[in-house]
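Heads up, the thing below is written out as structure tokens.
Residue numbers (the numbering used here): 47 to 648.
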């Protein structure tokens, strides 16, 4: 009995000693953090002033604890509501690592493999050609190495569903061979979200909520702007005017549902610290394995090397030899392994990073487009302080570039008419430019007719369209949506048949869309029949429901205008039908050699 009591006392004493030791260690760590961050608040005061920043949130994780969390400025600049560690805002492309991890969970379940063609697991996915269909893997999609460039204008402000974006992948021609070039592509992450739904039976939103948010205890994180605004402390987007220092309130970007797997998560410093703890601790939080270690390891694995752009263009050699994994970039910052990703949507910006070998993570959340470059500066400044490294003037460096770029933009807009050829006129009457112009991936550009000028509508971006020179028409240069320049194209017969716009990384051609009524079976069937050639022979026009009109033994006819058709193979051939009293009397073929009339046989 005495021995038992002695053992119990010894065990209790040991527990007390361990608890005391742990408390001392935590206190020492906190003291160390505070000592290393001495002067940081003063630094932030200067940053907020120099950058005219509406609001910034900072979080620092060491080991498995959030050791520093603070908001600066305002979550709502207009109402002067303070930015706190509970303020929620879009983290934009920092969503991508969540998507990559979600895909990894399916890999762990055996439903998918990182390095085998994605079409093997999801047959419905289609890329531009057979080579990509045979080759593209989910790792290629998540590491931006498919050879397909970003094409952001397809999804930005569009009403396309996720499935519609998925279906548009087949129209995106690669600009580089697969696995040879880093080409950032949000659409591939959107497609990865669809892959998750195809293989799990749950939407990307359901999967992320149930498999990542809930286990991590990220209770304030949401997946739509609508849900974020229902929370107690949503951030409000304010940015600096491009030609002044005035801060103005921006509209929320709410067309994020389809593109959600690439950038729709909203969160705050508190919730994101749970995520960073998992990243630092091989997937464990509160002693529980929430994310398989193998999944996180794969997201850090090198996929493609990136150029040392800052070194080559500015001589900055602190951050070197970066590569992209999946959902994050990995590099060496002054000899310390650094993994990070930025996130950018109108009004809101973020950077989430870890130094895994040093067991440190940093969260930076920013309000204001003009402050976006500083999330990297703040991240690196914090690491330098915590690691005891000499100070690099990141704020001064980056702000100098910002201000020079701002001045250059103002000057550039003042000379926007440079290159204009004076005295030119449109080749057609304004009404001839009116219509819908379509691209299979980008969708529809609508050109309308105003009282004095044309109008422009693309994905709900509506602006007037004024003549620049020849057949080029421009929109105004909008503060938020920018400027669009449309160059109309004519076919050999002189019709306005298309319009070209520079979007993303290349010029995109939109072809005039034929009104649906002209392509209906009821309309087309009326032209079918037998027509007499000028030499007395017979030409038969056949009709097939759903397929349209064709000349027997010859080409298909494509509707173009009322009673008028074109031949795909010959753009200078026009077929027109003479119709009187609802009856088709003749077919006329016009080409460069003249016009031929084919009366309809009784």
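Built from N, CA and C at the ideal position, the CB exists for glycine as well. Nothing here was measured: the structure is a model prediction, and the numbers come from that model.
Distance, residue j Cα to residue i Cα
{"i": "residue 556", "j": "residue 566", "result": "22 Å"}
{"i": "residue 493", "j": "residue 484", "result": "11 Å"}
{"i": "residue 408", "j": "residue 313", "result": "15 Å"}
{"i": "residue 224", "j": "residue 188", "result": "13 Å"}
{"i": "residue 72", "j": "residue 420", "result": "Bear in mind that a pLDDT of 43 at residue 72, under 50, signals an unreliable position, so the number given afterwards is only what the model happens to contain. About 31 Å."}
{"i": "residue 212", "j": "residue 241", "result": "10 Å"}
{"i": "residue 553", "j": "residue 529", "result": "14 Å"}
{"i": "residue 154", "j": "residue 342", "result": "11 Å"}
{"i": "residue 160", "j": "residue 361", "result": "37 Å"}
{"i": "residue 320", "j": "residue 486", "result": "42 Å"}
{"i": "residue 621", "j": "residue 597", "result": "11 Å"}
{"i": "residue 497", "j": "residue 511", "result": "12 Å"}
{"i": "residue 594", "j": "residue 587", "result": "10 Å"}
{"i": "residue 367", "j": "residue 385", "result": "12 Å"}
{"i": "residue 564", "j": "residue 481", "result": "14 Å"}
{"i": "residue 299", "j": "residue 273", "result": "13 Å"}
{"i": "residue 315", "j": "residue 90", "result": "17 Å"}
Distance CB(residue i)-CB(residue j) smaller than 8 Å
{"i": "residue 183", "j": "residue 171", "result": "no"}
{"i": "residue 625", "j": "residue 646", "result": "no"}
{"i": "residue 101", "j": "residue 121", "result": "yes"}
{"i": "residue 387", "j": "residue 374", "result": "yes"}
{"i": "residue 488", "j": "residue 549", "result": "yes"}
{"i": "residue 413", "j": "residue 92", "result": "no"}
{"i": "residue 352", "j": "residue 379", "result": "no"}
{"i": "residue 237", "j": "residue 229", "result": "no"}
{"i": "residue 203", "j": "residue 301", "result": "yes"}
{"i": "residue 507", "j": "residue 477", "result": "no"}
{"i": "residue 201", "j": "residue 310", "result": "no"}
{"i": "residue 324", "j": "residue 336", "result": "yes"}
{"i": "residue 502", "j": "residue 573", "result": "no"}
{"i": "residue 37", "j": "residue 589", "result": "Given a span of 47 to 648 for the chain in the structure shown, any question on residue 37 remains unanswerable."}
{"i": "residue 398", "j": "residue 326", "result": "no"}
{"i": "residue 470", "j": "residue 437", "result": "no"}
{"i": "residue 296", "j": "residue 393", "result": "yes"}
{"i": "residue 377", "j": "residue 185", "result": "no"}
{"i": "residue 293", "j": "residue 429", "result": "no"}
{"i": "residue 523", "j": "residue 459", "result": "yes"}
Option in the options with minimal Cα separation from residue i
{"i": "residue 137", "options": "247, 391, 157 and 609", "result": "391"}
{"i": "residue 88", "options": "118, 363 and 351", "result": "118"}
{"i": "residue 475", "options": "379, 457, 581 and 500", "result": "500"}
{"i": "residue 442", "options": "543, 423, 209 and 260", "result": "423"}
{"i": "residue 365", "options": "359, 372, 209 and 354", "result": "354"}
{"i": "residue 283", "options": "514, 363 and 129", "result": "129"}
{"i": "residue 504", "options": "547, 465, 469 and 466", "result": "547"}
{"i": "residue 674", "options": "590, 591, 575 and 389", "result": "Here the chain comprises residues numbered 47 to 648, so residue 674 is not present and cannot be evaluated."}
{"i": "residue 307", "options": "429, 481, 269 and 405", "result": "269"}
{"i": "residue 233", "options": "196, 207 and 81", "result": "196"}
{"i": "residue 106", "options": "621, 473, 411 and 507", "result": "411"}
{"i": "residue 600", "options": "612, 208, 235 and 415", "result": "612"}
{"i": "residue 591", "options": "328, 568 and 219", "result": "568"}
{"i": "residue 615", "options": "606, 607 and 602", "result": "602"}
{"i": "residue 467", "options": "513, 481, 425 and 289", "result": "513"}
{"i": "residue 110", "options": "199, 648, 181 and 331", "result": "331"}
{"i": "residue 193", "options": "551, 322 and 279", "result": "551"}
Spatial neighbours of residue i in its chain, beta-carbon cut-off 7 Å, leaving aside the 5 residues before and after
{"i": "residue 449", "result": "none"}
{"i": "residue 627", "result": "none"}
{"i": "residue 618", "result": "538, 539, 637 and 638"}
{"i": "residue 544", "result": "483, 535, 555, 556, 557 and 558"}
{"i": "residue 445", "result": "96 and 97"}
{"i": "residue 432", "result": "82 and 406"}
{"i": "residue 253", "result": "148, 242 and 246"}
{"i": "residue 267", "result": "259, 311, 312, 313 and 317"}
Same chain, Cβ closer than 6 Å to residue i, neighbours up to 5 away in sequence not counted
{"i": "residue 12", "result": "As shown, the chain starts at 47 and ends at 648. That puts residue 12 outside it, with no answer to give."}
{"i": "residue 68", "result": "Caution applies to residue 68, whose pLDDT of 41 falls short of 50 and renders its modelled position unreliable; the value that the coordinates give is listed next. Taken in chain order, the list of residues that qualify is empty."}
{"i": "residue 649", "result": "Nothing about residue 649 can be reported from this structure: the residues present for the chain run from 47 to 648 only."}
{"i": "residue 403", "result": "383"}
Sheet register partners of residue i (DSSP bridge)
{"i": "residue 484", "result": "490 and 557"}
{"i": "residue 105", "result": "115 and 409"}
{"i": "residue 144", "result": "Residue 144 is not bridged to any residue."}
{"i": "residue 502", "result": "493 and 509"}
{"i": "residue 650", "result": "Only positions 47 to 648 of the chain appear in the structure, and residue 650 is not among them; the question remains open."}
Proximal residues to residue i (C-beta, below 8 Å), its chain only, five neighbours per side dropped
{"i": "residue 216", "result": "172, 173 and 174"}
{"i": "residue 245", "result": "152, 157, 158, 167 and 168"}
{"i": "residue 644", "result": "577, 578, 579, 580, 585, 632, 633, 634 and 635"}
{"i": "residue 641", "result": "634 and 635"}
Within-8 Å CB hit, residue i to chain B
{"i": "residue 621", "result": "Within the model displayed, chain B is absent; a lone protein chain is all it includes."}
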